[in-house]
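**Student:** Handing you this structure, nothing more for now.
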Amino acid sequence: MYLPQSTQERVSMLLQEGLRPFTALQGLVSEEGARRVRVEALQEELDSLSAMMSTHRAVTDENRTLRKLLDLREALGYDYRPATISRPGTPGSESTFLVNVGTEDGVRASAPVLAPAGLVGVIRESRSSNAVGIDWTHPDFRSSAMLADGSVYGMVESRRGDFREDDRLILNGIPYHQEVALGQVVLTSGLGGVFPRGIAIGTVLRIEEEEGAWRKAYVLDPAVAPGSATHVLVLVGESADSVNLSDSEGEYR
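First residue of the sequence shown? That's 1239 in the working numbering, and the numbers climb one at a time after it.
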């Protein structure tokens, strides 16, 4: 059917008017889709940058730890083996760890394990290529100890809390009349033949208990958080000198 030109134009105008909302909606949908694509691309880029930053921080922290271990090597009067700690992650094994050195590397049971800040724990069992150790949170951990100035001697042991974050290091056996100031550094004393003299264990945090007028015990702030220790040194031999992790002013590295 033939329509006059004016009628065709009128029909076309009506169609355009009727379709305009749908055309506008289609445009909005297209813009929203493009915007979503841009947002997703930006999010992927942000995630990639975050991953890169996280990796960079981890590598930086690891390099810092390794540099400190190299510095520690200069202070050691003992032979040692650098090692990496891993945790079993099974129930009941929270206070134990594995190191990737063993009897083939000269590692024996009772070998001290050190981090840059101080004592981590001790090897309990050595195998050919790895060894099992316990950190200071283990109930069997013990170390003879002394204040950094050598004025007071005692025994450091672990005391389990209701939760792992409540585990504490206790300096025991301090005669009641001897004064121990808060903040004093506690070191291994070398008595007992397991740990060499002079390894940092922690600092005195507060008094824990008094046994009548005989003895006192103190809570220590540990030098090393066991869960944060990844790169360590395992001592395997002794020289003529004790380990000395302090500088001339008694500050610990």
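No residue lacks a Cβ here, since even glycine has one placed at the ideal position from N, Cα and C. Quantities reported herein were computed from a predicted structural model and do not represent experimental measurements.
Going by C-alpha to C-alpha distance, which of Asp1387, Arg1406, Tyr1318 sits closest to Ala1349?
**Tutor:** The shortest Cα separation from Ala1349 among Asp1387, Arg1406, Tyr1318 belongs to Tyr1318.
**Student:** Per DSSP, which one or two residues make a beta bridge with Val1337?
**Tutor:** Beta-bridge pairing links Val1337 to Ile1323, Ala1369.
**Student:** Taking the alpha-carbon of Ser1366 as reference, which of Val1345, Ala1353, Asp1373 has the nearest alpha-carbon?
**Tutor:** Nearest C-alpha to Ser1366: Val1345.
**Student:** If you check the beta carbons only, do Val1390 and Asn1368 fall under 8 Å apart?
**Tutor:** Taking 8 Å as the Cβ cut-off, Val1390 and Asn1368 do not qualify as a contacting pair.
**Student:** The beta strand (DSSP E) spanning Leu1459 covers which residue range?
**Tutor:** It is Asp, not Leu, that sits at residue 1459 in the sequence shown. Element bounds for Asp1459: 1453-1460.
**Student:** Using the three-state DSSP reduction, which class does Ala1279 fall into: helix, strand or coil?
**Tutor:** Three-state DSSP puts Ala1279 in a helix.
**Student:** Out of Gly1392, Ala1321, Gln1416, state which residue places its alpha-carbon closest to the alpha-carbon of Asp1343.
**Tutor:** Here the closest residue by C-alpha is Ala1321.
**Student:** From Ser1324 to Val1360, what does the alpha carbon distance come to, in whole angstroms?
**Tutor:** Each residue's alpha carbon lies about 14 Å from the other.
**Student:** For Ile1439, write down the residues that DSSP places opposite it in a beta bridge.
**Tutor:** Per DSSP, none; premise fails for Ile1439.
**Student:** Using the rule of at least 16 other Cβ atoms within 10 Å of the residue's Cβ for burial, across every protein chain shown, is Leu1471 buried or exposed?
**Tutor:** Leu1471 comes out buried.
**Student:** The beta strand (DSSP E) with Ala1391 in it runs from where to where?
**Tutor:** As written in the sequence, residue 1391 is Tyr, which differs from the Ala given in the question. Element bounds for Tyr1391: 1391-1397.
**Student:** Inspect the beta-carbon positions of Ile1445 and Leu1425 and report whether they are closer than 8 Å.
**Tutor:** No; because the gap between Cβ atoms is not below 8 Å, this pair is not in contact.
**Student:** By the DSSP assignment, the beta strand (DSSP E) with Thr1426 in it spans what residues?
**Tutor:** It spans 1423-1426 - the beta strand (DSSP E) in which Thr1426 sits, taken as one unbroken run.
**Student:** Return the first residue and the last residue of the beta strand (DSSP E) that Arg1346 is part of.
**Tutor:** Run containing Arg1346: none; DSSP gives neither H nor E here.
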